[in-house]
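Number 1088 marks the last residue of the sequence shown (numbering that gives the first Met the number 0); no jumps. Using N, Cα and C, we set each Cβ at its ideal position, and we do this for glycine too. Reviewing the structure listed below.
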Amino acid sequence: MKTTSRRFSPQAWLLSEPKLWLGAALAAAFVTCLLLLGLYAVQRREISRATEILQSVRTARIDLAKSALKTHGPAATAEERAVQGEGLALFEQAQAQLAESLHAGAARSAAEDGTALTEDELGRRAEAYRREAHRWLDGQGDPFALRLAHGALERFAERVDVAQRRQLAEVRERARLQFLATLLGVAAMLGMVCVGVFRAAREQARAAQRIRLAAESAGVDFWDEDLRTGALRWWRDRAVALAETPAPATFAALLERAATEADRATLAGVREAALAGHRETLVEVRLRRRDGSDCWVMVRAACHHESGGAVPRVAGTLVDVTPRKREEEARGELVQRFRQLYELVPVGLIYARRDGTLNSMNRRAGQLLGYTIEEISPIDRWWPLAYPDPDYRAQVQQQWTQDLEQAHREGTDLPLREYRIVTKAGRTRTMELSGTLLDDEVLIVLQDITDRRQAEARSRFHEALLEETGRIAKVGGWSFDPKTGEGYWTNEVARIHDLDPAAMTSRDFGLQFYTGESRARIEAALQGAIERAEPYDLQLELVTAAGVPKWVRTIGHPVLENGRVVRVRGSFQDITERRRVEQSLRESEELFRQMAENVDEVFWMTDVPKHTMLYVSPAYARIWGRSCESLRASPRQWLDSIHANDRERVERAVARQAEGTYAEEYRIHRPDGSVRWVADRAFPVRDESGRVFRIVGVARDITDKRRLEEQFLRAQRMEAVGTLASGVAHDLNNILAPMLMIGTLLRGKLPQPSDQKLLGLVEQSAQRGAAIVAQLLTFSRGLSGERIELRVEHLIGEMLHLIAETFPRNITATRELARDLPAVLADPTQIHQVLMNLCVNARDAMPEGGQLTLGLRATCIDAATAARHPGVAPGPFLVLSVSDSGTGIPESLRTRIFDPFFTTKEIGKGTGLGLATVMGIVRSHGGFIELTSELGRGTRFDVFLPALMQPEALRPAVAAEAPGRSRGETILVVDDEEAICSVAKAVLELEGYRVHTAPNGQQALALFRTLEGRLDLLVSDVMMPGIDGWELAATLRLSLPDLPIVLSSGLDQKILPEALRAAGVSALLHKPFDSRELRAAVRRALERQ
0 MKTTSRRFSP QAWLLSEPKL WLGAALAAAF VTCLLLLGLY AVQRREISRA TEILQSVRTA
60 RIDLAKSALK THGPAATAEE RAVQGEGLAL FEQAQAQLAE SLHAGAARSA AEDGTALTED
120 ELGRRAEAYR REAHRWLDGQ GDPFALRLAH GALERFAERV DVAQRRQLAE VRERARLQFL
180 ATLLGVAAML GMVCVGVFRA AREQARAAQR IRLAAESAGV DFWDEDLRTG ALRWWRDRAV
240 ALAETPAPAT FAALLERAAT EADRATLAGV REAALAGHRE TLVEVRLRRR DGSDCWVMVR
300 AACHHESGGA VPRVAGTLVD VTPRKREEEA RGELVQRFRQ LYELVPVGLI YARRDGTLNS
360 MNRRAGQLLG YTIEEISPID RWWPLAYPDP DYRAQVQQQW TQDLEQAHRE GTDLPLREYR
420 IVTKAGRTRT MELSGTLLDD EVLIVLQDIT DRRQAEARSR FHEALLEETG RIAKVGGWSF
480 DPKTGEGYWT NEVARIHDLD PAAMTSRDFG LQFYTGESRA RIEAALQGAI ERAEPYDLQL
540 ELVTAAGVPK WVRTIGHPVL ENGRVVRVRG SFQDITERRR VEQSLRESEE LFRQMAENVD
600 EVFWMTDVPK HTMLYVSPAY ARIWGRSCES LRASPRQWLD SIHANDRERV ERAVARQAEG
660 TYAEEYRIHR PDGSVRWVAD RAFPVRDESG RVFRIVGVAR DITDKRRLEE QFLRAQRMEA
720 VGTLASGVAH DLNNILAPML MIGTLLRGKL PQPSDQKLLG LVEQSAQRGA AIVAQLLTFS
780 RGLSGERIEL RVEHLIGEML HLIAETFPRN ITATRELARD LPAVLADPTQ IHQVLMNLCV
840 NARDAMPEGG QLTLGLRATC IDAATAARHP GVAPGPFLVL SVSDSGTGIP ESLRTRIFDP
900 FFTTKEIGKG TGLGLATVMG IVRSHGGFIE LTSELGRGTR FDVFLPALMQ PEALRPAVAA
960 EAPGRSRGET ILVVDDEEAI CSVAKAVLEL EGYRVHTAPN GQQALALFRT LEGRLDLLVS
1020 DVMMPGIDGW ELAATLRLSL PDLPIVLSSG LDQKILPEAL RAAGVSALLH KPFDSRELRA
1080 AVRRALERQ
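In structure tokens, the structure reads:
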């Protein structure tokens, strides 16, 4: 083998042969360690021996000291001698140890002063001490001499100790110096080796650092595989590309990192290609890291041959090319996206060359034009297709050529132009055409704006229409920036303010048109919109620029972005005319409301097609007792409220409402159970075609009218009955009057008790009949307005008689009258009616019978009690009580029983006027009524009537008989009842009067003429055929002005005293009257005369 000589460099050798220099360094270190260990062992033995000798000397000295203690005293006893023997033994032991120490160190021991310490010197001193000790033990020695010998021996031992210590120090110092010298030699040798190794390592580290930096910057990992062991060795433990530490230990482990089967096969193929002898193989595969991410690496592999032709290893590199691969993928994705964008962009794109050849066009361009690229390329083929009109085509071509030349000349894009292009389908579309120069190509951009242009046209039309609408409706819009206050409003808003539409505006400018309350309200609304995003809707008054006051409605809405108000906008409308109309409407509605709410009639209106209630006035709630809202919600409610007996008739009439003939009266049921009468009329409302589309009507409550009608009819019936009763009573009184007078006459002629009893029965029956007739007349009279001093106890007596005659026998009537009862100023007839109505109610409350009690008592009403009853003054009162043991009155009805026409009785069994009449009569007399009732136990009515403080007696029922007899006065008795005339004549003739009778007024006048003025008294009936009593009296008084007159009547008429005095009537007799009443009236009249 040919070699070349070159200068040997250890550093280069070390760098080139790292194993050799590493072995040499290890060998040198090993030899040095052996030398140091041998030297250390020799020195350690010397030091150990010297130490042992020194220890023996110290032990000998101790033994010498102990022997002195045991032998320096006389032996008196055997024990002391034994101790002294032990002391001699210790001395012998110490002497032997010193001798051994001196022998061991005799070769190198010498005292510092030059005196030799030998075994002979020790022997001489020991023998001297031994000799003195035995002499002392024998009792012959000198103790002082013994001590001197022992001290000499101790000083010798001390010198030996000092010598041995010095010898040990010398040995140690010598060993230290030898070790240091050896160590310095070894260190020098190792230092030389280490310097060389350090320099070589430093150079190697620098070279490795440069390689590492280059590899890391390039992302390169070096690896080689030992085919004999299968181990995969990396240039460093960490694989940069895989970002792993440690790197895969075998090629199989590296294969497992392949991302796909194809990558695994490719990576395995690199190794196989290297083994197959290919000089170098390069592939790119995708590996998967431990964290799951993928990386792209470039793998390079090559074979390394050693001596013998074997292939012991495959080496290569692993380069991370992930960024490049990702950039390539991104570039490919970008290209793909560009292709997709090119095809999917909503505008047409055409690539054309300068020579007019069209390279490509996207899908949108094909959709817009309807042609393929082959059909319109070159561009000269497209011109006549897109622009069939030659003139327009020439214009477009000229414009295109100019724009293209200008773009090339100035380096700008083609300007945007608008053309009318005819598509393949023959439709003319408006398109925008522009372009961009790209080297030798032109990118033409087409966009169909036909719909936009049409929308703009429609927008302009709508804007104009909106402008016109706003002008007509006087509505506009506005907007302003809350920060700057700058704003905008439409032309109509400007016109409303009487401003030029072109005038600029702002928030502050718009606010100056408002004053007073309107200014405060709009400022508060704007502040709320800006600060709190609150919308507003206001009606305000402003004064325009021309000074015209107007009412406007302004609506504002805040516009929010990210929760912040960035603008406020809204609408603005002139509502001045509407406000005037609304004001007029409100006034009209107010008038209608006042009329509807204050008129008792119900106004209603219905929608015929929808069958709904459009309006009903508030009077409906008062009459029907139901809310107007409930009727509007359910019109059927009205029909359901009608009385069942009237409903069918009303339903038939409702069907004829459109004919205009609906006018019905019907009853309704209120929720409180009461019934009312309603008169309802309807009127149809027709549209222009004559079709009825609404029904209006009016309904009024005629309950009072119906009741008044019923009351009038009842009054008529009562009047008829009263008239009949008056006639019957007159006739009955005429019949009863003779019976009463005859009974009186017969009592004087029939003195027998049995006759007197029979006459009593006749008089009692006649009086009973007269009481019944009186009650019948009271019933027929009705209310009377005359009030006199009245003792109510008399009426109670009459009422008890009436109750006994007319009430059921299972009802027992009693009276409870207090003493000293006052009189009242009252109408007897009305008080009688009060008693009658209360007693009848008590009777009806006791269908199974019971106890009826009539009572009278006096009381005094204080101011507090009087204040609870309007119209009542405090003072003395007479309390008339009517109580029963009937069913009682429920609490819910006690406040309603005095209402007119309220009744709990069945139809036909009561009118509901009884207690109402009672209340009216009592109140008219200045009194009041208190009610006490308990269910199941009965009811008591207390009628309070003002009492007279000093009552005067009423006319006595029977006048006292005047003393004395008649003087033969002439009396004319006139009555159409012959019996009355005959009996009256008999009664008066018994009294000594001359009596003439006449059956009527005409015969009475004829008889008067025959008397030639000799007439002292006229007794006449009031009601007679022809000339009645009043006319007869007036005629006779023409001839005899002082003629006393006594009238009689079968009717219980109330004749005023003034009328009686004006007619000259001295007394008025009510039929039937007895003889005593007749005699008293005649005598009183004659006495007055």
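Same chain, Cβ closer than 8 Å to residue i, neighbours up to 5 away in sequence not counted
i: Gly37; result: none
i: Asp861; result: Pro873
i: Ser359; result: Ile349, Tyr350 and Ile372
Boundaries (first-last residue) of the beta strand (DSSP E) holding residue i
i: Met604; result: Val601 to Asp606
i: Tyr665; result: Ala662 to His668
i: Ala678; result: Val674 to Arg685
i: Ala997; result: Arg993 to Ala997
i: Leu357; result: Leu357 to Met360
Local conformation of residue i per DSSP, three classes
i: Gln511; result: coil
i: Asp223; result: strand
i: Arg706; result: helix
i: Ile349; result: strand
i: Gly291; result: coil
i: His793; result: helix
i: Lys549; result: strand
i: Val598; result: coil
i: Asp573; result: strand
i: His800; result: helix
i: Pro1024; result: coil
i: Gly1000; result: helix
i: Val871; result: coil
Bounding residues of the alpha helix (DSSP H) (the contiguous stretch that carries residue i)
i: Pro389; result: Pro389 to Glu409
i: Gln829; result: Pro827 to Asp843
i: Tyr619; result: Ala618 to Trp623
i: Gly331; result: Thr321 to Leu343
i: Ile378; result: Ile378 to Ala385
i: Gly268; result: Glu260 to Leu274
i: Leu253; result: Phe250 to Glu255
i: Ser1074; result: Ser1074 to Arg1087
i: Ser1038; result: Gly1028 to Ser1038
i: Thr864; result: Ala862 to Ala866
i: Ser629; result: Cys627 to Ala632
i: Val649; result: Ala643 to Val653
Counterpart residues of residue i in DSSP-defined beta bridges
i: Ala850; result: The sequence as given places Gln at residue 850; Ala does not occur at that position. According to DSSP, Gln850 bridges with Thr811.
i: Arg690; result: Note: Arg690 sits in no beta bridge, so no partner.
i: Ala300; result: Thr280 and Gly315
i: Ser1019; result: Val973 and Leu1046
i: Asp941; result: Ser880 and Glu929
i: Arg419; result: Thr429
i: Trp233; result: Trp222
i: Glu560; result: Arg563
Other residues of its chain near residue i: CB distance less than 7 Å, five sequence neighbours each side excluded
i: Gly810; result: First, the amino acid is wrong: residue 810 is Ile here, not Gly. Excluding sequence neighbours, Ile810 sits near Arg842, Met845, Gly848, Gly849 and Leu851.
i: Asp645; result: Tyr665 and Arg666
i: Ala364; result: Gly347, Leu348, Ile349 and Leu445
i: Arg263; result: Leu254 and Ala257
i: Ser587; result: none
i: Glu342; result: Asn361 and Arg362
i: Leu1085; result: Glu968, Asp1015, Leu1016 and Pro1043
Cutoff 6 Å; reference residue i; Cβ partners in own chain excluding five residues on either side
i: Leu367; result: Gly347, Leu445 and Asp447
i: Ile795; result: Arg814 and Leu853
Query raised in the report: In chain order, which continuous runs of the beta strand (DSSP E) of length 3 or greater are located wholly inside the segment 428-485?
Result: Look at the segment 428-485 and you find these whole runs of beta strand (DSSP E), each 3 residues long or longer: 440-447 and 474-479.
**Report entry** In chain order, each alpha helix (DSSP H) run of at least 4 residues that lies wholly inside the segment 485-540
**Finding:** 490-495, 506-510 and 515-531
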